[in-house]
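Undergrad:
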């Protein structure tokens, strides 16, 4: 071995370990950066013409990523996204639809109290006025609950549209990154930073829609959702949200050529799935239950009321008018305008012969609180059932969030075990590379001293 | 297992968030004393609470109605008691005037006295309570008897609920107490007595004694029925009030949290939170980069 070769070995060592220390520095400074995958220095024995030259070279940096763990993390992120979106979509509704006091059950109870009071003094104007006011409270309670559900369902359409927009913008970014990564790799450049950014985008997309990924040899990532391609190379499809024939959310994917696929039934995780479940399953169920209760209450009260007569001797009047057209039974509930305008038309007596003190109809109205409605159950149990239906959906959503938070943490830990930075490890590596750097410097110095001595001797 | 800084950070954040959330929930329960504050807290309990609230409200309305009707029945009962006394007084006059020793002048004066008593009885029969005329049936808005004692009311029973599916008549029957529907037309009998006294007819007066007895008896019968009804109303009201108390107690057991349990849970949650913060502090301190540097 020549002294010149020794100088080369020392020089290679200095350069290689300086690069390795550079990587350690990057790892330390990016320890808290979201999506950063720690880099590992690839140090190889330097070769000349296939034979070992005795030194070491820095062959590049590798990203510490476990593809299995990363895929599992994306899947768990999607499940958490669905649970969280569902819980958020339902949050706060119970305060309007099923408050613990002042809700529909309380309002109906107050109406029955007013009917009881009317039965004890059927021609008392105050009792009649109170009865009409309580009937209007009932209608307002149903309208308010129905309106809250309708508004929330409408807001969720907008929210789903916003989420689809967020997905589309990220799909376009992934397509662009695919192109840059493929190009960079072709030129032998370090594309780790671009891949970190793309991994973050994939996770963000996976939080919104179910996602599978396939890495191509070029480094490009193909994204699929429910078997439909979202990104292939540098070309991205786009998500769309619309309403189907029955008013449900319909989710579509439009490919770059303009072909459209309905993927509604295949979107089973991610926030879009959570929004859809909250809107078209949970809230639809509560709304149906509320509307059915409104229909049954209206029918039962009207059947009794129209069998009696007002103080004017006229019978056959319903207590509640037909719902406002275009709205559901609850949202469109209203007291018959003639009765609202003139409480003397409230039917307390069962016949004109018993006027003005006859109270049989008022008594029958009050007794409705104890009897089963046409659809089964008393008024209170049915009203409680509406609240319980919403409460069950909300508590189920909240439990799902708790469960998915835990499973997401486990998946994140698994991913972090491969990808994450450990400062202790980096400190050890830093010391190790520092020592190696210092040793290489020593080799250089020895070679230099030998050369200097040789030159002096000559 | 390889433990990274990101794992430690997220574990610390998750533990702190969980502990903080537990403190928040326990503090809310301790502050409000409520276990179920929204339908989502416990949907089944929420449904039971709604039913219990309605049951308590229903019983409350029943108590109010029964108390109100019992007061009206009490007024009717005392009115009928006064009416009964007037009838007794009229009969005493009739018995005295049926005796052959009474003079023509005595009978003329007695006729005037009976006329005054009839007017007083008419006033009682037209007594007005909080819900209208007591003895008018369903025609509560007008006096049921005119000056001659003719009845303009009806005999409609105004019912109230005394229990689930059980009703009882709440109004007194003017028809049964004072008109021929009860057996005797009380006012017609008194008018006939006045006429026989004015015409100095002791035999005719004597012939009316049984009829006056019959009128008195029907007023007493109606008074007894009304009194019995009032008693049933008061008993039903007391039972409904008791039942309401039990329903409210059951509701409280569903909706509220025991104070000792709430404070214990709060103390446990606070202690867990403090432990979590201390562990986080120690971890952060142990991981200080400065300590690792040579």
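Chains as they are written, first to last, in this note's numbering: chain A, 1 to 458; chain B, 1 to 294. Glycine included, each C-beta is placed from N, C-alpha and C at the ideal position. On a predicted model such as this, the values are computed, not experimentally measured, just so you know.
Chain A partners of residue 51(B), CB-CB under 7 Å?
TA: 380, 381 and 384
Undergrad: Relative to the alpha-carbon of residue 356(A), which residue among 196(B), 136(B) and 235(B) has its alpha-carbon at the smallest distance?
TA: 136(B)
Undergrad: Buried or exposed: which applies to residue 258(A), given that a residue is buried once 16 or more other Cβ atoms fall within 10 Å of its Cβ?
TA: exposed
Undergrad: Keeping to the same chain, check which residues put their C-beta closer than 7 Å to that of residue 145(A); ignore five residues upstream and five downstream.
TA: 96, 97, 104, 290 and 330
Undergrad: Which residues of chain B have a Cβ atom closer than 8 Å to the Cβ of residue 369(A), listed in chain order?
TA: 54 and 58
Undergrad: For residue 323(A) versus residue 294(A), is the C-beta spacing smaller than 9 Å?
TA: With contacts defined as CB atoms closer than 9 Å, residue 323(A) and residue 294(A) qualify as a contacting pair.
Undergrad: Per the contact definition of three or more C-beta pairs closer than 8 Å, is the segment 113 to 133 of chain A in contact with the segment 390 to 399 of chain A?
TA: no
Undergrad: With a threshold of 9 Å between beta carbons, is residue 64(B) in contact with chain A?
TA: Contact of residue 64(B) with chain A is assigned, a C-beta pair being separated by under 9 Å.
Undergrad: Confirm, please, whether the CB-CB distance from residue 345(A) to residue 353(A) is below 9 Å.
TA: no
Undergrad: Given a cut-off of 9 Å, decide if residue 138(B) and residue 387(A) are closer than it, judged by their beta-carbon atoms.
TA: no
Undergrad: Nearest by alpha-carbon distance to residue 163(A): which of 82(A), 453(A), 306(A) and 179(A) is it?
TA: With respect to the C-alpha of residue 163(A), the residue from 82(A), 453(A), 306(A) and 179(A) having the closest C-alpha is 82(A).
Undergrad: Under the rule that 16 or more other beta-carbon atoms within 10 Å means buried, what is residue 13(B), buried or exposed?
TA: exposed
Undergrad: Can you name the residues of chain B whose CB is closer than 7 Å to the CB of residue 413(A)?
TA: 7
Undergrad: Using the Cα positions of residue 375(A) and residue 10(B), report the straight-line distance between them to the nearest angstrom.
TA: So the alpha carbons of these two residues sit roughly 51 Å apart.
Undergrad: Against chain A, does residue 143(B) count as a neighbour if the rule is that its beta carbon must be under 9 Å from one of theirs?
TA: no
Undergrad: Grab the span of the alpha helix (DSSP H) containing residue 454(A) for me, first residue to last.
TA: 423 to 457
Undergrad: Using C-beta distances below 6 Å, list every residue in its chain close to residue 232(A), excluding the 5 sequence neighbours before and after it, in chain order.
TA: 222
Undergrad: Take every Cβ of the segment 162 to 181 of chain A, pair it with every Cβ of the segment 194 to 205 of chain A, and state whether three or more of those distances are shorter than 8 Å.
TA: yes
Undergrad: Going by beta-carbon coordinates alone, are residue 318(A) and residue 336(A) separated by less than 9 Å?
TA: In contact: residue 318(A) and residue 336(A) (Cβ atoms closer than 9 Å).
Undergrad: Please work out which residues of its chain come closer than 6 Å, Cβ to Cβ, to residue 215(A), disregarding the five sequence neighbours upstream and downstream, and give them in chain order.
TA: 221
Undergrad: With distances taken from CA atoms, which of 20(A), 18(A) and 112(A) is nearest residue 380(A)?
TA: 112(A)
Undergrad: Hey, residue 137(A) and residue 115(A): beta-carbon distance below 9 Å or not?
TA: no
Undergrad: Does residue 349(A) get closer than 9 Å to chain B when you measure Cβ to Cβ?
TA: Interface residue, yes.
Undergrad: Between residue 395(A) and chain B, is any beta-carbon pair separated by less than 9 Å?
TA: yes
Undergrad: Is the segment 8 to 16 of chain A touching the segment 433 to 450 of chain A, taking contact as three or more C-beta pairs under 8 Å?
TA: Under the three-pair Cβ rule at 8 Å, the segment 8 to 16 of chain A counts as touching the segment 433 to 450 of chain A.
Undergrad: Tell me whether residue 133(B) sits in a helix, a strand or coil according to DSSP, three-state version.
TA: strand
Undergrad: Output the boundary residues of the alpha helix (DSSP H) element that contains residue 6(B).
TA: Note, residue 6(B): alpha helix (DSSP H), 5 to 32.
Undergrad: Would you list, in chain order, the members of the segment 14 to 33 of chain A that have their beta-carbon closer than 9 Å to a beta-carbon of chain B?
TA: 28, 31 and 32
Undergrad: Tell me whether residue 76(A) is buried or exposed, calling it buried when 16 or more other Cβ atoms sit within 10 Å of its Cβ.
TA: In the assembly as shown, residue 76(A) is a buried residue. Its beta-carbon has 16 or more other beta-carbons within 10 Å.
Undergrad: The beta strand (DSSP E) that contains residue 84(B), what's its start and end?
TA: Not the beta strand (DSSP E): residue 84(B) falls in the alpha helix (DSSP H), residues 43 to 98.
Undergrad: Kindly identify the DSSP beta-bridge partner or partners of residue 167(B).
TA: 161(B)
Undergrad: Compute the distance between the beta-carbons of residue 263(A) and residue 228(A), then report whether it is under 9 Å.
TA: In terms of Cβ geometry, residue 263(A) and residue 228(A) form a close pair [threshold 9 Å].
Undergrad: Check whether the Cβ atoms of residue 332(A) and residue 143(A) sit closer than 9 Å, and answer yes or no.
TA: yes
Undergrad: According to DSSP, simplified to helix, strand and coil, what is residue 231(A)?
TA: If DSSP states are grouped into helix, strand and coil, residue 231(A) belongs with the strands.
Undergrad: Nearest CA to the CA of residue 207(B): which residue from 120(B), 102(B) and 98(B)?
TA: Closest option to residue 207(B), Cα to Cα, is 98(B).
Undergrad: Is the beta carbon of residue 83(B) closer than 9 Å to that of residue 121(B)?
TA: yes
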